[in-house]
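Here the structure comes first, spelled out in structure tokens, and everything after it is commentary.
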Amino acid sequence: MLSRYPVRVLATLLLALAAAGVCLALRTPLPWMIGPLLAVSLASIAGAPTASFTPLRNLGQWTIGTALGLYFTPHVVGLVASVWWAIVLAIAWALLLGVGFGRWLHAMHAKRMPHVPAKSMRATTYFSGAIGGASEMTLMAESAGARTDLVAAAHSLRLVVVTVTIPFAMQWSGLHGLEINPPGVREVNPGGLALLAAATGVGALAMRALKRTNPWFIGPLLVAMGFTIAGQSLSAVPAWMSNTAQLVIAVSLGVRFSREFLHTAPRWLGSVVLGTFGMLVLCAAVAWLLAWATGLHPATMILGTSPGGIAEMSITAKVLQLGVPVVTAFQVCRLVAVLLIVGPMFRWIYRQDAARPARP
Numbered sequence: 000m001l002s003r004y005p006v007r008v009l010a011t012l013l014l015a016l017a018a019a020g021v022c023l024a025l026r027t028p029l030p031w032m033i034g035p036l037l038a039v040s041l042a043s044i045a046g047a048p049t050a051s052f053t054p055l056r057n058l059g060q061w062t063i064g065t066a067l068g069l070y071f072t073p074h075v076v077g078l079v080a081s082v083w084w085a086i087v088l089a090i091a092w093a094l095l096l097g098v099g100f101g102r103w104l105h106a107m108h109a110k111r112m113p114h115v116p117a118k119s120m121r122a123t124t125y126f127s128g129a130i131g132g133a134s135e136m137t138l139m140a141e142s143a144g145a146r147t148d149l150v151a152a153a154h155s156l157r158l159v160v161v162t163v164t165i166p167f168a169m170q171w172s173g174l175h176g177l178e179i180n181p182p183g184v185r186e187v188n189p190g191g192l193a194l195l196a197a198a199t200g201v202g203a204l205a206m207r208a209l210k211r212t213n214p215w216f217i218g219p220l221l222v223a224m225g226f227t228i229a230g231q232s233l234s235a236v237p238a239w240m241s242n243t244a245q246l247v248i249a250v251s252l253g254v255r256f257s258r259e260f261l262h263t264a265p266r267w268l269g270s271v272v273l274g275t276f277g278m279l280v281l282c283a284a285v286a287w288l289l290a291w292a293t294g295l296h297p298a299t300m301i302l303g304t305s306p307g308g309i310a311e312m313s314i315t316a317k318v319l320q321l322g323v324p325v326v327t328a329f330q331v332c333r334l335v336a337v338l339l340i341v342g343p344m345f346r347w348i349y350r351q352d353a354a355r356p357a358r359p
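The sequence shown lines up with residues 0 to 359 when you count with numbering that gives the first Met the number 0.
See below:
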């Protein structure tokens, strides 16, 4: 079985590469991510022996984090700092939206799943609704006694829906090429790139040693930001590296699905899809309000407030040139806040519920 694993990984990568080629020919948005994501997801659900190599995914996150950090020039940092209050409002909105989505899931499914204990159902719906990373939310849900299979399925499906829907919506609406501050470094310098890779690699390893979330993304992002803010223009990240990074990240998302996935409470999955589209509409409305208040473009704010993953939304902003630093700042701050607040908030909410007298 072990000897077949490299073959499965290689076959999955070849499938992803072929799908990216098809999307390039069709001129779809984000061809290096959407094509591989859909192809590998469908193949996995069909029962194909797809596989992802974790070090490749880590290298992909490392590459994307480094590339995004190059956008944070001193002028851009000043711009992001000037809208700190909007970031705080977006965090509060994400927390409120997550609680609301969780309550809706509970109302829809608590009676339909009598075999799930009430305490476990509360934890399952709460952490399924939270706008956070799939792995982190699943771990928190497990410690609270939730059905981790339902939580993981909810987050995986939400991420795919958002990652596919938003780029197509942006392309259809013509909202792209609106970058307010393109990266200052455009030329690839082999020596500078090697130094940048070494420094950001140290940053990734340091974050992993500190047991921080998303170390292969956040560590390189912070180090590359440090160089850019200091005015050290070492090198741009080659386009082929960014494209490859998108592909391996998409593969790592696609292999989460399996043939059994569709048999995991079909109504639950349907509710997640419906709820995700509802959240996209609500987030778009909030984004327009924040755009009006900040003067930033609505497309940038839509990506900054969308219920997607940090890497996926930042990649979308990068490829479509939609305010990468602002989107990255909003998504990173939300990620940190959700990880710090969601757990204590769950305990506080349900302690408050327990303290309320029962209705006659």
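Glycine is no exception: its CB is placed at the ideal position from the N, C-alpha and C atoms.
What you are looking at is a predicted structure, and each value in this text was computed from that prediction instead of being measured.
May I ask you to verify whether the region 90–102 touches the region 247–265, counting CB pairs closer than 8 Å and requiring at least 3? No, they do not touch.
Work out the CA separation of residue 199 and residue 176 for me, nearest whole Å. A caution first: residue 176 carries a pLDDT of 47, below 50, which makes its placement in the model too unreliable to give a value.
Residue 314 (DSSP reduced to helix, strand or coil): In this structure, residue 314 counts as helix in the three-state DSSP scheme.
Could you say which of 159, 91, 187 and 24 lies nearest to residue 276 if we only look at CA atoms? In terms of Cα proximity to residue 276, the closest of 159, 91, 187 and 24 is 159.
Span of the alpha helix (DSSP H) holding residue 70? Per DSSP, residue 70 belongs to no alpha helix (DSSP H) and is neither H nor E.
Below 8 Å, can you find three or more Cβ-Cβ pairs linking the region 63–80 to the region 221–236? With the cut-off at 8 Å, the region 63–80 and the region 221–236 touch.
Got a sec? Which residues, its chain only, sit under 7 Å from residue 349 by beta carbon, not counting five neighbours each side? Once the five neighbours on either side are set aside, the close Cβ partners of residue 349 are 121.
Touch test, the region 256–271 against the region 53–66, Cβ-Cβ under 8 Å, three pairs minimum: Taking a contact to require three or more Cβ pairs closer than 8 Å, the region 256–271 and the region 53–66 do not qualify as touching.
Where does residue 268 sit, in a helix, a strand or coil, going by DSSP? Looking at residue 268 - three-state DSSP - the assignment turns out to be helix.
How would you call residue 125, buried or exposed, if buried means at least 16 neighbouring beta carbons within 10 angstroms? Buried, because 16 or more other Cβ atoms sit within 10 Å of the Cβ of residue 125.
Please report how far the alpha carbon of residue 33 lies from the alpha carbon of residue 313, in whole angstroms. Roughly 14 Å between the two C-alpha positions.
Close beta carbons around residue 133, own chain, < 7 Å, minus the five adjacent residues each side: Excluding residues within five positions, the ones whose Cβ falls inside 7 Å are 151, 154, 155 and 158.
Quick one: grab the DSSP three-state call for residue 299. For residue 299, the secondary structure class from DSSP, reduced to helix, strand or coil, is helix.
Is it the case that the Cβ atoms of residue 62 and residue 244 are separated by a distance below 7 Å? Contact flag set, yes.
Skipping 5 residues on each side, what residues in its chain have a beta carbon closer than 8 Å to that of residue 119? For residue 119, the CB contacts under 8 Å within the same chain, skipping 5 residues up- and downstream, are 144, 145 and 146 in chain order.
Hey, which unbroken runs of the alpha helix (DSSP H) at 4 residues or more fall wholly within the region 124–206? When DSSP assignments are scanned along the region 124–206, the uninterrupted stretches of alpha helix (DSSP H) that are 4 or more residues long and fall wholly within it turn out to be 133–142 and 147–172.
Decide if residue 329 is buried, meaning its Cβ has at least 16 other Cβ atoms within 10 Å, or exposed. Buried: at least 16 other Cβ atoms inside 10 Å.
Taking the alpha-carbon of residue 13 as reference, which of 297, 262, 49 and 27 has the nearest alpha-carbon? Each of 297, 262, 49 and 27 was checked against the Cα of residue 13, and the nearest Cα belongs to 49.
Would you be able to state if there are at least three C-beta pairs under 8 Å between the region 38–47 and the region 11–26? Taking 8 Å as the limit for Cβ pairs, the verdict is that the region 38–47 does touch the region 11–26.
Quick one: measure Cβ to Cβ for residue 266 and residue 111, integer angstroms, because I've assumed they're closer than 8 Å. The C-beta separation of residue 266 from residue 111 comes to about 7 Å, placing the pair in contact by the 8 Å criterion.
Residue 242 by DSSP, collapsed to three states: which one? For residue 242, the secondary structure class from DSSP, reduced to helix, strand or coil, is helix.
Would you tell me roughly how many angstroms separate the C-alpha atoms of residue 90 and residue 141, rounded to the nearest one? Their backbone Cα atoms lie some 24 Å apart in a straight line.
Can you tell me which of the three DSSP states residue 350 falls into? Three-state DSSP puts residue 350 in a helix.
Assuming the contact rule is C-beta atoms closer than 8 Å, residue 261 and residue 44 should be a hit. Round their C-beta distance to whole Å, please. Between residue 261 and residue 44, the beta carbon gap of about 6 Å places them in contact (Cβ cut-off 8 Å).
Relative to the C-alpha of residue 224, which candidate in 5, 210, 195 and 128 has its C-alpha closest? When each option's Cα is compared against that of residue 224, the closest is 195.
Nearest-angstrom Cα separation, counted from residue 346 out to residue 106: Residue 106 and residue 346 have their C-alpha atoms spaced approximately 19 Å apart.
Can you name the start and end residues of the alpha helix (DSSP H) that residue 114 belongs to? That residue, residue 114, is in no alpha helix (DSSP H); it is neither H nor E in DSSP.
In terms of residues, what are the limits of the alpha helix (DSSP H) holding residue 43? Per DSSP, residue 43 belongs to the alpha helix (DSSP H) from 30–44.
How is the alpha helix (DSSP H) around residue 220 delimited, first residue to last? That run of the alpha helix (DSSP H) goes 214–228.
Return helix, strand or coil for residue 357, following the three-state DSSP convention. With a pLDDT of 49 at residue 357, under the threshold of 50, the modelled position of this residue cannot be trusted; read the value that follows with caution. Residue 357 sits in coil when the DSSP states are folded into three classes, being neither helix nor strand.
Are the CB atoms of residue 60 and residue 287 within a distance shorter than 7 Å? No, the pair does not count as a contact, with Cβ atoms beyond the cut-off.
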